[in-house]
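Before any comments, here is the structure.
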Amino acid sequence: MLTISKAISPAQAQTYHSLEYTSDAQSYYKQDDTVKGEWQGKLAASLGLSGEVSPLEFSRLTEGKHPQTEEQMVKHREGKEYTNADGSVTKPVEHRAGWDATFSAPKSVSLTALVGGDDRVREAHRAAVTTALEELEKYTHARIGGNNPAEQTGKFIAAKFEHDTARPVNGYAAPQLHTHAIIFNVTERADGSTRALQPQALFESQNYATAVYQSALTYQLRRLGYEIEPGQSGAPEVKGYSQPYLDASSPRSQQIKEQMERAGFQGPEAAQIAAHATRDRKQTLTPAEVLAAHKEMAADFGNQPERVIAAARERALSQAQGSGLQGDARGAVAFAKEKVFEREAVADERIIMREALRRGMGEVSFSEVQTEFQRRREEGEFRSVQGQKHSSGRSFTTPQTIAAERANVQHVLDGRDAAKPMLSDRAAEKQAQSRDFLNDAQRTAIREVLTSTDRVHGFQGLAGTGKTSALSAIREGAEQGGYKVEGFAPTSKAAGQLREAGIEANTLQSFLARQKEPDPASKHLYMLDESSLASTKQMRAFLEKIRPEDRVLVIGDIRQHQGVDAGRPFQQMQEAGMQTSKLDTIMRQKDPELLRAVQHLATNETEKGIALLSEQGRVTQLANAPERIAAIARDYAAKPENTIIVSPDNRSRQQINEAVRGELLKTGTLAEDGRQFLTLSHRSDMTGPDRTWAAMYRPGDVVQYERGSKAEGIERNSFGVVRSSDATANRLTVEFPNGAAVEYDPRRVYGVNVYRETSREFATGDRLQFSALNKELGISNRDMGTISRIEPDRMTVLMDGKEKRSVSFSPEEFRQFDHGYAVTSHSSQGLTADRVIANIDTDSSRSLINSRLAYVAISRAAQDARIYTNDAETLGARLATDVTKTAALDFTTKVEKAEVVQTPKASKAVQVHEYNNADSRLAAVASEYVSRPERSVIVAPDRTEREELTQLIRADLYAQGKLGRDARAVPVLVEKDTGSKMRVESYQPGDKIHYKTGSPSLYGIPHDSEATVVSTKPRGNVLSVQLDATREEISYNPAQLRTQTRESRTYQEETREIAQGERIRFTSYDKETGVRAGDLGTVTRIGQDHSMTVKLDSGKTAEVSSEKSRNIDYGYAVDGVKNLRAERVIATGDGLSQQTFQGVPPKTDLALYTNQPQQEFSASKEIAAPELAQPVRQQHDFGIGF
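Each residue of the sequence shown is one higher than the one before, counting from 488 in the working numbering.
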């Protein structure tokens, strides 16, 4: 794996170089007396650095100087001023020398290479480090200064030093193959100027570079005959080593782990601190002593390295005689796509590549995965989008994601003014006044919902604003208007809260799975609560089940936590103009000072809110984690009634629960009848694709089969324990309670949940939180209660809530529960308590420390809230971090202008739509086309826009089932813009040239013939082609055949995915079929040989041979109206003018979509339309604003 240190100073770097990097005490297996470093990096090469690292060059670079000339390449910055005791002022100069990027081989690899003595493994490590550094270098950025974003340069200088032992522990220097790569603080911009390095991108690329290193390493190891398996940490390990031997060979790792546990720290930064704190003094050990100790330990464990190497050599021999490694780069990238985009709409390329490399680990090479990802990008499967501000890598989404988000917004737009009010104004006003306790905001919302004429209406309610009371009144009003009201929510607990408002409610998932059609005579109001937790995919499926006569109320709070899966549809629909009623009068907080703080948190003024809490004495700082947890436990135990503790992650939550139980046992609040039970905690780290991959399962995992599998003999709702997994064959072995073991491919079994089994003690008086739905007991996920009775095989729990009901169950059958003193922020959403205690460690769980945590946690409290933190000074800034889910399209409410005007060349009216942004313009064009594709075509002068529109439309048609699943990759000829046809530089090997006028007598080129470019020779301007008819090769100078060259047309071969239902356009005239260039049609059949049947828009049917299929292209968007034959034309572009439409046939329906229409298309009528939230930079693909 790769770890990157904090920045080191010149003095530190120079000391490390002499005492650490080049020390013979770090490499006992080397052949000479000193460690020779090696240069790497594009900037190193351009500065003349190659081969061994000299101390002088290393030292100069640490100071930011040129390694040869000593010229200062990076200016030193002045540090903070210090006033000395005598009153003098010292202003030191600070400079970061660079960063230590350390690549560490897995322990089994170190044992194989060093103790076993297989030098080929060491070479594989070196090659893998080189490859990973090359990838890391691509993300090098220059620090520009000010508020300017860093500039990507792709150049650095690295000095590599390879070591083979870890720091001694109790006199034993364990074998540990690792390479230090010192990345110096200098890079070079495109103009040749040098700048300091901006390290953020390096840290962001750390996990990706780790995956590249491990992929390159394990692929080479597999070629050498070694078997690979996932280790305890998930890193790949050489198979054949016992865990006791690996642990005994890793005393340093165990030492660091124990130090972290004592200090209560976690995370990579804490590991570095613990590593420094536990360093033993330098010990002088001879190579003979170290090697003897390694051999002695190996012998104690049966000389495993020797056996592993011998087996690998035999295996490599059989591989050489067979077909070698059979990797599946396509499958690896497909897995990565499904995994990454299950949870995010937009993803960094490094994350996609990382997951693909992990899936293909040892089976496919890094270059194969890279090539496959590039191929799919070129085919449009991944769409390039603008990443978040100051993003250091390229970001991508998928056409399916774009289509789903557009569909949700389109449901909102289509539903505007499409329904009658549920009640008249008078009846709605009466309903709003029907409850004396309602406030003005609630009454306004009730009136707005009941009198709305929109089919889809939003309901935005801040935490503690009385949403349940308002929804109860809306339900009554809708029922008076003849609507049957049903409620849904993504969680069972939220559905239960809807039932408290008298609404018949269930989970959203149950509604989506519902097969029975509603009564056609009835009309429904569907309420979707906690809609911020719904994914884009779920929202689309939900809205598509709604009938025209039904109404939808989408309810939630965009400031609270969002769902796990991809998208933010509730927020996106509001931004796109969904009419939304708002509840913003907070009533939950009874303490006025606490209310002020919550109001700031609710309106995204997080730092102000935290500052207020601090001023009120509600923030306590305790840097030491164990001491902080102990203080939280004492605080809770002093007043446990109606108190909850919120902690961001499960690890700290469990530690707090144990500490609280200890305090409650002291006070006698807990009985001494505690018993141990085996509980199940959900493995939330596993995505849907992960559950289809055996390598993701660990021995001891418990698998629940909700659907079961007749084919594998697995009963529905049964539980089994994972005993083993075979990653290579993708086979999982699970043992069931009756002792039967089943081995199966996890891709073939659906509806599984994966848990980890943990032993917990429970006693009478313990607080519980359930983590799964149990319909029989009436328990929702996240419900809480208190144990009132405990027996060996039975537990009785008094549930929280007004009903105060008790449930009794067997803890051996229903095991999804845990202690409920401390809960995560996500679990706390929807809860209310008198008192809240929040544990917020700003140095750990960084992805969970954000503004949503602050708002949700503190807003649970009615009377008091307290925060315990390690750092009160940075608390506000850390909690102000935004973690909003990504979206492929960002919408905001803008104005689209439209006017019916008359064009000179068309006798039908044309609508002109003006958009301020190209992205939403293209989205609208695609939507307009898909609504009626027959005999329609889009005219888009810009090629990039044509390609994007084609991708958007095809994704939509595919999602609607209008494109068949039998797509064929058809090679087609696309005309090139060759620039100067007279110069051979305009041609590429493989290009096709059609000669209208040949040169049969002089060069043997027939008239009306085709040839393929074989080669080009700029010197002499010689073009070599092969005639397609005779296969004869001919060479000539295009400038000497001016007429023939000028009248020729050049094509390049590209691939098009053509399916049944595809709209195509013919690109050339065909005498046999009578098809003309520009004719449009729909594919009704496509054969394996690429022959096809096409129904032309003229009504005729054309049979297209496999040879003639090269003369087609997609028929969705074209560059101009020449040879155009369509009844409806949708024209789009930036700054369209009358000239664009010269040649449009009379009586053609014409719609114009443009950013900057000319004066003759000026407009007046305003219509709400989706727009991007921010201006978007010019891009080659679909642009996204963040």
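The C-beta atom is built at its ideal place from N, Cα and C for all residues, glycine as well.
Treat the numbers as computed from the prediction; the structure is a model and nothing was measured.
Going by C-alpha to C-alpha distance, which of the options sits closest to residue i?
i	options	result
E1199	A1214, V1189, A1228	A1228
N1137	G968, E783, Y1308	Y1308
E1222	P593, N635, G1187	G1187
A1008	L995, I990, R1034, Q663	R1034
V833	Q887, R800, V1424	Q887
G538	I631, K647, H612, G633	K647
D927	Y1640, T1072, N790	T1072
S1139	T1067, E1036, I1119	I1119
Q1513	D1478, H1494, A1359, A1546	D1478
P1458	S1134, A1410, Q1539	Q1539
H667	A698, H1169, A592	A592
L684	P977, K1468, F643, V896	F643
A976	M1014, S959, I1425, A957	M1014
V1236	S1246, G551, F1249, I1201	I1201
A735	E724, F788, S505, A894	F788
T502	L1030, R930, S546	S546
A1028	T1093, R1001, S492	R1001
V1208	T1179, N1240, I1327, A1214	N1240
L1219	E1244, T1245, G1226, V1190	V1190
E714	N634, T599, R676, T652	T599
I990	K971, E1462, K1024, G1155	K971
L1012	D1044, Q1049, Q1047, Q967	Q967
What are the partner residues of residue i, as DSSP defines its beta bridges?
i	result
P717	P723
T1156	Its beta-bridge partners do not exist; DSSP assigns none.
G1607	For G1607, which the question treats as bridged, DSSP gives no partner whatsoever.
S1068	F946
R1038	L1012
A1320	A1348
I1327	T1356
M1282	I1277, F1296
Q527	A645
G867	Per DSSP, none; premise fails for G867.
T931	In the DSSP output, where bridge partners are listed per residue, T931 has none listed.
Starting from residue i, follow the beta strand (DSSP E) in both directions and report where the run begins and ends.
i	result
G1568	1567–1573
Q1350	1348–1356
V596	Note, V596: premise wrong, no beta strand (DSSP E); alpha helix (DSSP H) at 594–597.
D1305	1304–1306
A1063	Unbroken run through A1063: none, as it is neither H nor E.
For the alpha helix (DSSP H) that residue i lies in, which residues bound it at each end?
i	result
S505	No alpha helix (DSSP H) contains S505, which DSSP labels as neither H nor E.
K826	816–830
H553	It is not in any alpha helix (DSSP H) - H553 carries neither H nor E in the DSSP assignment.
Q1025	1023–1031
V851	Element bounds for V851: n/a, residue is neither H nor E.
K1504	It is not in any alpha helix (DSSP H) - K1504 instead sits in the beta strand (DSSP E) that spans 1496–1504.
E1248	Careful: E1248 lies outside any alpha helix (DSSP H), inside the beta strand (DSSP E) at 1239–1249.
Comparing the C-beta of residue i with each C-beta of chain C, is any distance below 8 Å?
i	result
A1309	The question asks about chain C, but that chain is absent: this structure has only one protein chain.
Please give me, in chain order, every unbroken run of the alpha helix (DSSP H) with length at least 4 that falls completely inside the region 642–697.
Listed in chain order, the complete alpha helix (DSSP H) runs (minimum 4 residues) inside the region 642–697 are 687–691.
Check whether the region 1480–1493 touches the region 1518–1534, taking contact to mean three or more Cβ pairs, one atom from each stretch, closer than 8 Å.
Contact holds: three or more Cβ-Cβ distances are below 8 Å.
Enumerated in chain order, which unbroken segments of the alpha helix (DSSP H) with a length of 4 residues or greater are wholly contained in the region 1101–1140?
Correct list: 1112–1125.
Could you tell me which whole alpha helix (DSSP H) segments of length 4 or greater appear in the region 1522–1558?
Within the region 1522–1558, complete alpha helix (DSSP H) segments of at least 4 residues are found at 1529–1534, given in chain order.
Three CB pairs or more closer than 8 Å across the region 697–717 and the region 597–610
Yes, the region 697–717 is in contact with the region 597–610.
Cβ contact (3+ pairs, closer than 8 Å) linking the region 978–993 and the region 1101–1108
The region 978–993 and the region 1101–1108 do not touch, with fewer than 3 CB-CB distances between them shorter than 8 Å.
Hey, which unbroken runs of the alpha helix (DSSP H) at 4 residues or more fall wholly within the region 870–920?
Within the region 870–920, the complete alpha helix (DSSP H) runs of at least 4 residues are 886–901, 912–919.
Between the region 1572–1589 and the region 1485–1498, are three or more C-beta pairs nearer than 8 Å?
At 8 Å Cβ cutoff, the stretches do not touch.
So, does the region 1019–1026 touch the region 1050–1063, judging by three or more C-beta pairs under 8 Å?
Under the Cβ criterion (8 Å, minimum of three pairs), the region 1019–1026 counts as touching the region 1050–1063.
I want to know whether the region 1365–1376 touches the region 879–893 - three or more CB-CB distances under 8 Å.
Taking one beta carbon from each stretch, the region 1365–1376 and the region 879–893 have 3 or more pairs nearer than 8 Å; the two touch.
Counting Cβ pairs, one atom from each stretch, are 3 or more of them under 8 Å apart for the region 1318–1337 and the region 1123–1136?
Yes: the two stretches touch, three or more of their Cβ pairs being nearer than 8 Å.
Taking contact to mean 3 or more Cβ pairs, one atom from each stretch, closer than 8 Å, check whether the region 1149–1162 and the region 1335–1353 are in contact.
Counting Cβ pairs under 8 Å, fewer than three are found: no touch.
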